[in-house]
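Student: Right, I'll just put the structure down here and ask away after.
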Amino acid sequence: MNPTFEDFYEAHSQRIYGRLRKNTPNEQDAEDIFQDVCLKVYNFLEKKEKIHRFNNWVNRVTSNALCDWGRKRKTCTLLEDICTEESTEYSDEVDKIQRLELAIDQLPERYNEVIQLHYNHGNSFDEMANKLKISRKNVQIRIYRAKKFLRNAV
0 MNPTFEDFYE AHSQRIYGRL RKNTPNEQDA EDIFQDVCLK VYNFLEKKEK IHRFNNWVNR
60 VTSNALCDWG RKRKTCTLLE DICTEESTEY SDEVDKIQRL ELAIDQLPER YNEVIQLHYN
120 HGNSFDEMAN KLKISRKNVQ IRIYRAKKFL RNAV
């Protein structure tokens, strides 16, 4: 039996919003995406179709909403850059996303900073160089090393 929307909201809203807030440059974007996720979940639950692995499904809906938002902003997603092969198993994708998020959190600060600025905030290499007061080449090297670390982690 599927949970009600109230059950979903109580169990998942804080975690989802936190994830969205962490992966978007401002609160308004996170709120917009969160609203989209809630609407998708509500509409699906209203159909009363059976959902296997509800938690995984909610994670997938959230990830898809983030990807859609990123595409609208015309920025490539880090996950697409790092994981180019198609996943055949839906739960494998969720696991991969969770491993990627954990790996990003474990990056050394200098690499985490450029990943966040570039992929979450949409900064160009030149903008990051100015903000961090380092050369553009150094930004490129940090991005390369961060991606290398993340590829191994995922």
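Residue numbers (numbering that gives the first Met the number 0): 0 to 153.
All C-beta atoms in this analysis are idealised placements derived from N, C-alpha and C, irrespective of residue type, glycine included.
Buried or exposed for R70, please, with buried defined as at least 16 other CB atoms from any protein chain shown within 10 angstroms of its CB.
Tutor: Numbered from its first residue, the sequence shown carries residue 70 at position 71. So R70 counts as exposed.
Student: Just tell me which of Q105, R109, Y143 and V153 has its CA closest to the CA of K132.
Tutor: Counting from 1 along the sequence shown, the entry for residue 132 is found at position 133. Ranking the options by Cα distance to K132, first place goes to R109.
Student: Can you tell me the Cβ-Cβ gap for A29 and L19, rounded? I've got them flagged as a contact below 8 Å.
Tutor: To locate residue 29, count along the sequence shown from 1; it is residue 30. To locate residue 19, count along the sequence shown from 1; it is residue 20. The pair is a contact, with the Cβ atoms about 4 Å apart (cut-off 8 Å).
Student: Give a yes or no on whether the C-beta atoms belonging to T61 and I114 are separated by under 8 Å.
Tutor: One-based indexing of the sequence shown puts residue 61 at position 62. One-based indexing of the sequence shown puts residue 114 at position 115. Taking 8 Å as the Cβ cut-off, T61 and I114 do not qualify as a contacting pair.
Student: Under the rule that 16 or more other beta-carbon atoms within 10 Å means buried, what is T23, buried or exposed?
Tutor: The residue given as residue 23 occupies position 24 in the sequence shown. Buried, because 16 or more other Cβ atoms sit within 10 Å of the Cβ of T23.
Student: With distances taken from CA atoms, which of K147, L65, S123 and K46 is nearest P155?
Tutor: Here the chain has residues from 0 to 153 only, and residue 155 is not among them.
Student: Would you say Q34 touches the ligand COA, meaning its beta carbon is less than 7 Å from a heavy atom?
Tutor: With respect to the ligand COA, the structure shown offers nothing to examine, as it has no ligands at all.
Student: Which residue's Cα is closest to the Cα of D35: K136, N63 and Y143?
Tutor: In the sequence shown, counting from the first residue as 1, residue 35 sits at position 36. With distances taken between Cα atoms, D35 lies closest to N63.
Student: Out of P2, K47 and N137, which has the shortest C-alpha to C-alpha gap to N54?
Tutor: Translated into the one-based positions of the sequence shown, residue 54 becomes position 55. Among P2, K47 and N137, the Cα nearest to that of N54 is on P2.
Student: List the whole-angstrom C-beta distance separating I142 from H117, where the pair is believed to meet the contact cut-off of C-beta under 8 Å.
Tutor: Locating residue 142 in the sequence shown gives position 143, where the first residue counts as 1. Locating residue 117 in the sequence shown gives position 118, where the first residue counts as 1. Their Cβ separation, rounded to whole angstroms, is 6 Å, which keeps I142 and H117 in contact under 8 Å.
Student: Just to confirm, are V57 and F4 a CB contact at a threshold of 8 Å?
Tutor: Here residue 57 refers to the residue found at position 58 of the sequence shown. Here residue 4 refers to the residue found at position 5 of the sequence shown. Result no, Cβ atoms of V57 and F4 do not sit closer than 8 Å.
Student: Would you please verify whether the beta carbon of C37 is less than 8 Å from any beta carbon of chain C?
Tutor: Included in the structure is just one protein chain, with no chain C present.
Student: What are the start and end residues of each continuous alpha helix (DSSP H) run of 4 or more residues lying completely inside the region 19-63, in chain order?
Tutor: Counting whole runs of 4 or more residues, the region 19-63 contains the alpha helix (DSSP H) stretches 26-45.
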